[in-house]
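In the working numbering, the protein residues as written are 1405 to 1657.
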């Protein structure tokens, strides 16, 4: 096990308070199973190809699916990303995540959306994110690929009230969005669209920090199972994104 990825006891203790209680038979070693799940997602493996050192692959798969349905991984990310008090600066943006054809191969059952759509680039999902000035994600939202950035911005708008400045590219230059930000006491740092007749000023020096959110997307896409989506269910794919964001940005030694 020495050459395999394994969460440290300190890392496990940070996320263990958000694990569900075990009833009846004690759970298999949490440290080994969660480490195995992270390994599979990071390297884009099939569950059956997980190294034997992590135990039976069915245990890894069942734990991941069961906790995904219960929203455990989403809760872990949300709690670790929560920070009391106002923030000086936030950033918002969105990126496409390519979807493999197997993710949309079966007929959809029920009314839940799979968050898969077709664009010029093929099948895609879209990840909307809000991050702080250090490039750590604090809010994530998954939608279908063709979804407008404005739709994501409208859904994430309530989470933008606890900051002084918001940085975004010109794709978010909409009058309703800028007005809503100002009503919340947020100063927008958004360059105007090229077709605007009246040019609006923005802080160009502050805008240079926007590269942090692009770096954040790049680091999350380094995890192969996220860069190319194979999961049919939106909740399992979003749980993988939350687990990756937690491991990359909030469990660093």
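All C-beta atoms, glycine included, are put in the ideal place defined by N, C-alpha and C.
Please read all numbers here as calculations on a predicted model, not as lab measurements.
Drop a sphere of 10 angstroms on the beta-carbon of residue 1494, count the other beta-carbons inside from all chains shown, and report buried for 16 or more, exposed for fewer.
-> To locate residue 1494, count along the chain shown from 1; it is residue 90. Burial call: buried.
Three-state secondary structure (DSSP) of residue 1495 | As a position in the chain shown, residue 1495 is number 91, starting the count at 1. It is a strand residue.
Which residue comes first and which comes last in the beta strand (DSSP E) that contains residue 1528?
-> On the chain shown, residue 1528 is found 124 positions in, with the first residue counted as 1. Segment 1526 to 1536, the beta strand (DSSP E) holding residue 1528.
Name the two residues that bound the continuous alpha helix (DSSP H) containing residue 1639.
-> Numbered from 1 along the chain shown, position 235 holds the residue referred to as residue 1639. From DSSP, the alpha helix (DSSP H) with residue 1639 extends over 1638 to 1653.
Measuring from the CB of residue 1594, is there a heavy atom of the ligand NAP at a distance below 7 Å?
-> As presented, the structure is devoid of all ligands, the ligand NAP included, so that no description of it is given.
In its own chain, which residues sit with a C-beta less than 6 Å from the C-beta of residue 1581, not counting the 5 before and 5 after it?
-> Counted from its first residue, the chain shown places residue 1581 at position 177. 1557.
With DSSP as the reference, label residue 1460 as helix, strand or coil.
-> Taking the first residue of the chain shown as 1, we reach residue 1460 at position 56. Coil, per DSSP.
Residue 1405 versus residue 1656: straight-line alpha-carbon distance, rounded = Here the question's residue 1405 lines up with position 1 in the chain shown. Here the question's residue 1656 lines up with position 252 in the chain shown. Annotation note: pLDDT 43 at residue 1405 (below 50); position unreliable, no value reported.
By Cβ distance below 8 Å, which residues in the same chain neighbour residue 1555 in space, the five residues on each side in sequence not counted?
-> Translated into the one-based positions of the chain shown, residue 1555 becomes position 151. Excluding residues within five positions, the ones whose Cβ falls inside 8 Å are 1547.
Which first and last residues belong to the beta strand (DSSP E) in which residue 1474 is found?
-> Position 70 of the chain shown holds residue 1474. Counting along the chain, residue 1474 falls outside any beta strand (DSSP E), and DSSP gives it neither H nor E.
Buried/exposed call for residue 1549, threshold 16 Cβ in 10 Å | Along the chain shown, read from residue 1 onward, the residue named residue 1549 stands at position 145. Residue 1549 comes out buried.
Beta-ladder partner(s) of residue 1548, from DSSP | The residue labelled residue 1548 in the question sits at position 144 within the chain shown. BP columns for residue 1548 point to 1529.
Counting Cβ pairs closer than 8 Å, one from the segment 1453 to 1472 and one from the segment 1633 to 1650, do we hit at least three?
-> Yes, since at least three Cβ pairs between the segment 1453 to 1472 and the segment 1633 to 1650 fall closer than 8 Å, the two stretches touch.
Collapsed DSSP secondary structure at residue 1612 in the structure displayed = As a working note, residue 1612 is residue 208 in the chain shown. Per DSSP, reduced to three states, the secondary structure at residue 1612 is helical.
Using 10 angstroms around the beta-carbon of residue 1620, count the other beta-carbons present and answer buried if the total reaches 16, otherwise exposed.
-> Within the chain shown, the letter at position 216 stands for residue 1620. The residue in question, residue 1620, is buried, as its Cβ has 16 or more Cβ neighbours within 10 Å.
What is the rounded straight-line gap between the Cα of residue 1633 and the Cα of residue 1441?
-> The sequence position of residue 1633 within the chain shown is 229, counting from 1. The sequence position of residue 1441 within the chain shown is 37, counting from 1. Answer to the nearest angstrom: the Cα atoms are 16 Å apart.
Which of helix, strand or coil DSSP assigns to residue 1405 = For the purposes of this step, residue 1405 is identified with residue 1 of the chain shown, where counting begins at 1. Only weak support exists for where residue 1405 lies, its pLDDT of 43 falling under 50; the coordinates are left without a value.
Could you check how far apart the C-beta atoms of residue 1528 and residue 1502 are, in whole angstroms? I think they sit under 8 Å.
-> Here residue 1528 refers to the residue found at position 124 of the chain shown. Here residue 1502 refers to the residue found at position 98 of the chain shown. The pair is a contact, with the Cβ atoms about 6 Å apart (cut-off 8 Å).
Throw me the rounded Cβ distance for the residue 1629 and residue 1448 pair, which I believe falls under 8 Å.
-> Residue numbering aside, residue 1629 sits at position 225 when the chain shown is read from its first letter. Residue numbering aside, residue 1448 sits at position 44 when the chain shown is read from its first letter. With a beta-carbon spacing of about 5 Å, residue 1629 and residue 1448 fall inside the 8 Å limit used to define contacts.
Residue 1488 in three-state terms, based on DSSP | Your numbering for residue 1488 matches position 84 in the chain shown. Under the three-state reduction of DSSP output, residue 1488 falls in the coil class, being neither helix nor strand.
For the alpha helix (DSSP H) that contains residue 1446, what are its first and last residues?
-> Translated into the one-based positions of the chain shown, residue 1446 becomes position 42. Element bounds for residue 1446: 1434 to 1447.
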